[in-house]
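*Asks:* Residue numbers (our numbering): 179 to 698.
Here it is, the structure, as structure tokens.
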RNA sequence: GGUGGAUUCGUCUAACGGUUAGGACUCAAGAUUUUCAUUCUUGCAAUAGGGGUUCGAUUCCCCUAUCCACUACCA
């Protein structure tokens with residue numbers, strides 16, 4: 179077998195926003211492609227005209243772009259869709275609705291070879307049969323047991339078949355599932371899997387009603403045409419893998435059949451089942467990479483809007499169902515590419531953990547420079563109507579970044595650097611604003627006010643010395659000062675705060691506290 | 001119901017026949033600190049159950065249980 183260039187694809191359906199599990203699938207494909215010096219292709223599988231959702235395709239592209247997952251081929255990332263083949267995009271178009279004319283002849287080829295047949299049963303008829311079977315506690319299946327008593331080219335005469343093909347518009351082409359054959363498959367993640375064809379049904383491959391193939395046909399044909407070497411997709415496809423094997427066989431494409439890898443699903447954090455849209459709202463975390471507003475106006479939150487960095491999101495996704503075999507947990511995409519491997523993918527489903535997700539973001543936040551973080555914090559400050567010096571914000575950010583998971587935590591952590599306290603935490607007042615401490619605080623404030631050098635280092639040293647030399651209780655004085663400056667028992671060192679806000683603000687805040695607060 | 005897949009601390013996972021079953025997140029305690037947080041240290045906590053195979057099973061096989069997926073003219 180000749181060595182082929184690695185070519186993998188991510189093939190979502192534009193039926194709604196891309197789920198984080200989908201992003202993970204895209205990521206794994208991307209990493210695999212890059213690792214092998216291959217190509218990552220983005221194909222849009224929009225063969226379901228009923229479920230098409232406007233905006234979903236753009237959402238998918240934007241989501242991948244946000245994550246830094248750039249396709250080498252396929253629907254481009256600049257929003258412009260590749261319609262015609264070119265050197266970079268030799269298999270265009272990459273949207274199945276635009277490939278419509280391609281599929282029918284393949285479906286017909288299968289009929290001609292005896293691997294498929296025309297079926298004329300109406301949807302209503304099949305629904306009726308399903309309901310009937312259900313009433314008897316059974317399941318209706320269109321397969322070798324029933325196909326000979328249904329309306330199709332296997333039971334109709336050639337003339338009748340031709341007549342119906344001409345006159346009717348709702349017929350389909352179905353795969354003729356072979357009888358009692360064991361299909362032996364190999365999955366890159368799950369290993370050897372065998373399935374007896376008697377448990378399978380005659381899947382629809384092509385629909386005359388909209389002249390479109392179903393997933394199964396379009397998928398196999400396109401993967402073949404696009405010379406895909408590995409198919410890395412969700413576990414929900416594992417049950418249809420035998421069909422896909424059989425399709426490759428029927429077309430005579432076994433030599434270039436891609437290898438398959440089925441990824442386990444992302445599960446909801448509590449209870450059972452796969453992670454779904456509702457879990458996010460219910461449990462308070464996003465399920466989608468980006469905010470999504472459905473055509474009906476319903477809004478779903480996104481990781482981006484919730485304040486996650488794309489690096490953190492990609493990192494946490496990569497580690498959800500895969501591990502490097504070492505104890506390293508923090509990976510950039512560049513580090514992920516060489517480290518990734520299909521055989522270290524975990525077989526069982528992974529429950530998403532929101533706490534761990536926050537931790538990842540915290541780690542990435544800490545890696546950022548104060549200047550970067552200040553720039554990210556600035557819009558929030560401006561929204562509060564604050565005019566602040568960027569250098570000052572940078573200093574403040576440096577003092578509080580260790581305590582934050584997100585940039586939007588900054589204000590809560592640092593408001594007192596920008597505004598005098600308007601309220602005082604009662605518990606702190608109770609504890610530190612005692613009558614006997616007030617004279618001490620008055621003396622200390624007066625001491626600080628006469629300092630010429632308001633640098634953090636100098637204030638800290640002078641303050642310490644003053645307190646110690648005068649035999650004052652360190653904790654009481656410091657916490658009293660903190661109460662006046664912050665209004666609560668929180669925040670960085672008192673000297674840091676004094677140095678940052680400066681003498682005027684220091685004086686004003688202390689005066690205010692003495693005026694407003696009653697001793698406990 | 002049928003078919004397929006899965007099953008290690010609460011969660012993500014490591015250990016591909018021999019370990020006191022390791023790490024991370026969470027939680028708890030202690031230390032440091034003028035507070036909160038950080039940081040550091042310590043701790044709590046797992047091989048679903050039952051049979052085999054083996055000198056020895058988390059690891060291999062079988063059964064049971066549980067969970068998940070699929071079972072559409074959806075992907």
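Here a beta-carbon is modelled for each residue, glycine too, at the ideal position from N, C-alpha and C.
Everything numeric in this text was worked out from a predicted model, so none of it was measured.
1) Would you give the residue range spanned by the alpha helix (DSSP H) that residue 281 belongs to?
2) Enumerate in chain order the residues of its own chain whose CB-to-CB distance from residue 289 is below 7 Å, with the five nearest sequence positions on each side excluded.
3) Whole angstroms is fine: what's the gap from residue 279's alpha carbon to residue 251's?
4) Helix, strand or coil: which one does DSSP assign to residue 617?
5) Would you mind giving the Cβ-Cβ distance between residue 645 and residue 663, rounded to the nearest angstrom? I have them listed as a contact below 8 Å.
6) Can you give me the C-alpha to C-alpha distance between residue 509 and residue 541, rounded to a whole angstrom?
7) Identify, in the order they occur along the chain, each residue of the same chain with its Cβ nearer than 8 Å to the Cβ of residue 203, setting aside the five sequence neighbours on each side.
8) Say whether the segment 452-472 touches the segment 373-389, bearing in mind that this needs 3 or more beta-carbon pairs closer than 8 Å, one atom from each stretch.
9) Quick check: the segment 551-564 against the segment 577-586, are there 3 or more CB pairs under 8 Å?
10) Taking Cβ positions, are residue 471 and residue 465 nearer each other than 7 Å?
11) Would you kindly work out how many angstroms separate the C-alpha atoms of residue 525 and residue 684, rounded to a whole number?
12) Residues bridged to residue 398 by DSSP?
13) What's the C-alpha gap between residue 506 and residue 227?
14) Tell me whether residue 574 sits in a helix, a strand or coil according to DSSP, three-state version.
15) Determine, using beta carbons only, whether residue 453 and residue 527 come nearer to each other than 7 Å.
16) Do residue 610 and residue 661 have their beta-carbon atoms positioned less than 7 Å apart in this structure?
17) Considering only C-alpha positions, which residue in the set 603, 630, 639, 689 is nearest to residue 698?
18) Taking C-beta to C-beta, are residue 209 and residue 515 nearer than 7 Å?
19) In the segment 453-535, which residue ranges form an unbroken alpha helix (DSSP H) of at least 4 residues, counting only runs that do not cross its ends?
20) Could you have a look at residue 642 and say whether DSSP puts it in helix, strand or coil?
21) Could you say which of 635, 327, 485, 642 lies nearest to residue 625 if we only look at CA atoms?
22) Does DSSP put residue 439 in a helix, a strand or coil?
23) What is the rounded straight-line gap between the Cα of residue 632 and the Cα of residue 671?
24) For residue 609, which residues does DSSP report across the bridge?
25) Under 8 Å by Cβ, that's how I've got residue 530 and residue 497 pegged, so tell me the actual separation to the nearest angstrom.
26) Output yes or no for whether 7 Å exceeds the beta carbon distance between residue 399 and residue 293.
27) At which residues does the alpha helix (DSSP H) containing residue 198 begin and terminate?
28) Can you find the residues in the same chain that come closer than 6 Å, C-beta to C-beta, to residue 596, ignoring five residues on each side of it along the sequence?
29) What are the start and end residues of the beta strand (DSSP E) that includes residue 297?
30) Would you give the residue range spanned by the alpha helix (DSSP H) that residue 220 belongs to?
31) Run through the DSSP bridge pairs and tell me what residue 350 is partnered with.
32) Residue 363 lies in the alpha helix (DSSP H); which residues open and close that run?
33) Pull up the CB-CB distance for residue 373 and residue 447, whole angstroms please, since I reckon it's below 8 Å.
34) Per DSSP, which one or two residues make a beta bridge with residue 390?
35) Output needed for residue 327: all residues of its chain with C-beta closer than 8 Å, excluding positions within five of it in sequence on either side, in chain order.
36) Beta-carbon within less than 6 Å of residue 622's beta-carbon, same chain only, minus the 5 sequence neighbours each way: which residues are those?
*Replies:* Let me lay it out:
1) Sequence index remark: in the first chain, residue 281 carries index 103 (1-based). Segment 278-290, the alpha helix (DSSP H) holding residue 281.
2) The sequence position of residue 289 within the first chain is 111, counting from 1. Cβ within range, chain order: 295, 296, 351.
3) Residue mapping note: residue 279 aligns to position 101 of the first chain, counting from 1. Residue mapping note: residue 251 aligns to position 73 of the first chain, counting from 1. About 21 Å.
4) Walking along the first chain from the start, residue 617 turns up at place 439. Looking at residue 617 - three-state DSSP - the assignment turns out to be helix.
5) By 1-based counting over the first chain, the position of residue 645 is 467. By 1-based counting over the first chain, the position of residue 663 is 485. Not confirmed; about 16 Å, so no contact.
6) Position 331 of the first chain holds residue 509. Position 363 of the first chain holds residue 541. Answer to the nearest angstrom: the Cα atoms are 11 Å apart.
7) Mapped onto the first chain, residue 203 falls at position 25. The answer, listed in chain order, is 188, 410, 411, 412, 441.
8) no
9) yes
10) Taking the first residue of the first chain as 1, we reach residue 471 at position 293. Taking the first residue of the first chain as 1, we reach residue 465 at position 287. Not closer than 7 Å, so no.
11) The count along the first chain starts at 1 and reaches residue 525 at position 347. The count along the first chain starts at 1 and reaches residue 684 at position 506. Spanning the two alpha carbons is a distance of roughly 60 Å.
12) Sequence index remark: in the first chain, residue 398 carries index 220 (1-based). Answer is none; residue 398 lacks a bridge partner.
13) To locate residue 506, count along the first chain from 1; it is residue 328. To locate residue 227, count along the first chain from 1; it is residue 49. Answer to the nearest angstrom: the Cα atoms are 45 Å apart.
14) Translated into positions along the first chain, residue 574 becomes position 396. The answer is helix: DSSP assigns residue 574 an H, G or I state.
15) As a working mapping, residue 453 is identified with position 275 in the first chain. As a working mapping, residue 527 is identified with position 349 in the first chain. No, the Cβ-Cβ distance between residue 453 and residue 527 is not below 7 Å.
16) To locate residue 661, count along the first chain from 1; it is residue 483. To locate residue 610, count along the first chain from 1; it is residue 432. It is a contact, given that the beta carbons lie within the stated cut-off.
17) Residue mapping note: residue 698 aligns to position 520 of the first chain, counting from 1. The candidate whose alpha carbon is nearest that of residue 698 is 603.
18) For the purposes of this step, residue 209 is taken as the residue at position 31 of the first chain. For the purposes of this step, residue 515 is taken as the residue at position 337 of the first chain. Against a cut-off of 7 Å, the Cβ pair of residue 515 and residue 209 comes out as a contact.
19) 455-461, 488-496, 511-517
20) For this step, residue 642 is matched to residue 464 along the first chain. Helix.
21) As a position in the first chain, residue 625 is number 447, starting the count at 1. Closest option to residue 625, Cα to Cα, is 642.
22) By 1-based counting over the first chain, the position of residue 439 is 261. Correct three-state label for residue 439: strand.
23) Mapped onto the first chain, residue 632 falls at position 454. Mapped onto the first chain, residue 671 falls at position 493. Residue 632 and residue 671: Cα-Cα distance of roughly 14 Å.
24) Your numbering for residue 609 matches position 431 in the first chain. According to DSSP, which records beta bridges pairwise, residue 609 is partnered with nothing at all.
25) On the first chain, position 352 is the one that residue 530 refers to. On the first chain, position 319 is the one that residue 497 refers to. At roughly 11 Å, the Cβ-Cβ gap does not stay under 8 Å, so residue 530 and residue 497 are not in contact.
26) As a first step, residue 399 must be located in the first chain, where it is residue number 221. As a first step, residue 293 must be located in the first chain, where it is residue number 115. Against a cut-off of 7 Å, the Cβ pair of residue 293 and residue 399 comes out as no contact.
27) For the purposes of this step, residue 198 is taken as residue 20 along the first chain, with counting starting at 1. Its alpha helix (DSSP H) spans residues 198-213.
28) Stepping through the first chain from its first residue, residue 596 is reached at position 418. If we look at residue 596 and ignore the five residues flanking it on each side, its Cβ neighbours are 564.
29) By one-based count along the first chain, residue 297 stands at place 119. Residue 297 -> beta strand (DSSP E) spans 294-297.
30) Locating residue 220 in the first chain gives position 42, where the first residue counts as 1. Segment 217-220 is the beta strand (DSSP E) holding residue 220; no alpha helix (DSSP H) there.
31) Taking the first residue of the first chain as position 1, residue 350 is located at position 172. Residue 350 pairs with 297, 385.
32) Against the first chain, residue 363 aligns to sequence position 185. It is not in any alpha helix (DSSP H) - residue 363 instead sits in the beta strand (DSSP E) that spans 360-365.
33) The residue you call residue 373 lines up with position 195 of the first chain. The residue you call residue 447 lines up with position 269 of the first chain. Going by Cβ atoms, the distance from residue 373 to residue 447 rounds to 32 Å, so no, they are not a contact pair.
34) Within the first chain, the letter at position 212 stands for residue 390. According to DSSP, which records beta bridges pairwise, residue 390 is partnered with 385.
35) Translated into positions along the first chain, residue 327 becomes position 149. Within the same chain, residue 327 has close Cβ partners 333.
36) The sequence position of residue 622 within the first chain is 444, counting from 1. Contacts found: 655.
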